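In my numbering, the protein residues as written are 430 to 533.
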């Protein structure tokens with residue numbers, strides 16, 4: 430799989446609900462290639478403090494997540510690349526106050 434470009438992160442996800450609209454999760458779009466159709470949700474999120482800055486200048490976000498629908502992918506497919514993708518999506522949602530995105 431080629432490396433995903435996050436210039437316009439909104440094209441990689443959309444909000445999805447179950448038929449009873451009891452919960453809202455994140456559904457990954459065709460732009461995510463092999464992860465298309467995967468549905469997940471975030472759990473506890475810890476926003477980093479300025480004093481937690483890493484040597485490379487980045488701030489590490491910490492979050493829990495749960496796959497609601499793997500769309501047939503094996504668990505071993507959800508490694509570092511997937512974690513980077515959903516971390517970038519979470520950052521977009523938090524920093525931009527997103528409740529809707531370009532795919533609505």
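Each residue gets a CB set at the ideal place from its N, CA and C atoms; glycine is no exception. These numbers were taken from a predicted model, which means no experiment stands behind them.
Distance, residue j Cα to residue i Cα
i           : j           : result
residue 525 : residue 505 : 31 Å
residue 460 : residue 510 : 14 Å
residue 454 : residue 495 : 10 Å
residue 486 : residue 523 : 19 Å
Three-state secondary structure (DSSP) of residue i
i           : result
residue 486 : coil
residue 513 : helix
residue 506 : helix
residue 523 : helix
residue 440 : helix
residue 465 : coil
Buried or exposed (CB count within 10 angstroms, at least 16 for buried), residue i
i           : result
residue 417 : Residue numbering for the chain in the displayed model covers 430 to 533; residue 417 lies beyond these limits and cannot be assessed.
residue 478 : exposed
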